[in-house]
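Trainee:
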Amino acid sequence: ETGVTQTPRHLVMGMTNKKSLKCEQHLGHNAMYWYKQSAKKPLELMFVYNFKEQTENNSVPSRFSPECPNSSHLFLHLHTLQPEDSALYLCASSQGDRSNEKLFFGSGTQLSVL
Amino acid sequence: DQQVKQNSPSLSVQEGRISILNCDYTNSMFDYFLWYKKYPAEGPTFLISISSIKDKNEDGRFTVFLNKSAKHLSLHIVPSQPGDSAVYFCAASEAGANSKLTFGKGITLSVRP
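Protein chains in written order, with my numbering: chain G, 1262 to 1375; chain S, 300 to 412.
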């Protein structure tokens, strides 16, 4: 069983669809993250949760809505996305949310918006 | 404006030789640096890190060097192995709690058998 599991691995959706990405960590960590990786761009931090509380929202459009019901689960709800939102969405976790924490990433969800 | 720059998108080296992956940064407040490695269809995994109070950190075949005055760090892999073929991301953060990591675009390393 891997430390951080993301589902689905691939997702194709239309601009009017509503879908959710799921992330689960089995490492006993307290912090969870959503990152976006677009082609030929650096990983961009989207959201940070520490002990289920959101501590960072990196100016992400409201069509992306995170949810963290507990320290082990993290969701990213998607609604009325744009084609430019097509990217690899990576979930990560760490023991805490301090700057020197190692991040443990999931395998990501490759999202295509048509 | 990118604060962490990996200007070379790719590098190809012969098995057994040294791989040198470079990273430059512009933010003088960065004081902690990490390298992550990513295989296709997998998430990035932590490789090695260095604090600004050091100029070198070694872990087996991997060594990271930090030149604070030049705002430059490099990852040396020696000897390089075909299994090292992956994308390598440089990342940096400022001191203090709740500080986010800033990543570079990544360098694709290919190690030829």
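In this text, a Cβ means the ideal position worked out from N, Cα and C, and glycines have one as well.
1) Taking all protein chains shown into account, decide if V377(S) is buried (16 or more other Cβ within 10 angstroms of its Cβ) or exposed.
2) What three-state label does DSSP hand P1322(G) in the structure shown?
3) Cα separation between T362(S) and S373(S)?
4) Please go through the same chain and pick out, in chain order, the residues whose beta-carbon is closer than 6 Å to the beta-carbon of F1312(G), but skip the five residues on each side of it.
5) How many angstroms separate the CA atom of S327(S) from the CA atom of G1275(G)?
6) Taking Cβ to Cβ, would you say G1367(G) is nearer than 8 Å to Q1298(G)?
7) Using a C-beta to C-beta distance shorter than 8 Å, which residues of chain G count as neighbours of V377(S)?
8) Once you ignore the five residues that flank D1358(G) on each side, which residues in its own chain have a CB closer than 7 Å to its CB?
9) Measure the C-alpha to C-alpha separation of V1265(G) and Q313(S) and round it to an integer number of angstroms.
10) Just reading off the beta strand (DSSP E) that Q1371(G) is part of, what are its end residues?
11) Quick check on E1213(G) - is its C-beta less than 8 Å from some C-beta in chain S?
12) Give the DSSP bridge partners of Q313(S), in chain order.
13) Tell me the DSSP secondary structure of D383(S) in three-state form.
14) Could I get the ranges of all uninterrupted beta strand (DSSP E) runs contained in the region 1307-1356 of chain G, with 3 residues as the minimum, in chain order?
15) Would you report the Cα separation of H375(S) and E357(S), rounded to the nearest angstrom?
16) Would you kindly check if the distance between the Cβ of L1349(G) and the Cβ of S1355(G) is under 8 Å?
17) Got a sec: is the Cβ-Cβ distance from A369(S) to anything in chain G below 8 Å?
18) List, in order along the chain, the chain G residues whose C-beta lies closer than 7 Å to that of P343(S)?
Mentor: Well, looking at it:
1) With a 10 Å radius around the Cβ and a threshold of 16 neighbouring Cβ atoms, V377(S) comes out exposed.
2) coil
3) Their Cα atoms are separated by approximately 8 Å.
4) N1291
5) 43 Å
6) no
7) Those do not exist, as V377(S) stays about 23 Å from chain G at its closest Cβ, beyond 8 Å.
8) Cβ within range, chain order: A1292, V1309, N1311 and T1316.
9) Straight through space, the alpha carbons of Q313(S) and V1265(G) are spaced by roughly 33 Å.
10) Boundaries of the beta strand (DSSP E) around Q1371(G): T1370 to V1374.
11) Because chain G is modelled from 1262 through 1375, residue 1213(G) falls outside the range shown and cannot be assessed.
12) R411(S)
13) helix
14) 1314-1318, 1325-1331, 1334-1340 and 1348-1355
15) 9 Å
16) no
17) no
18) F1366
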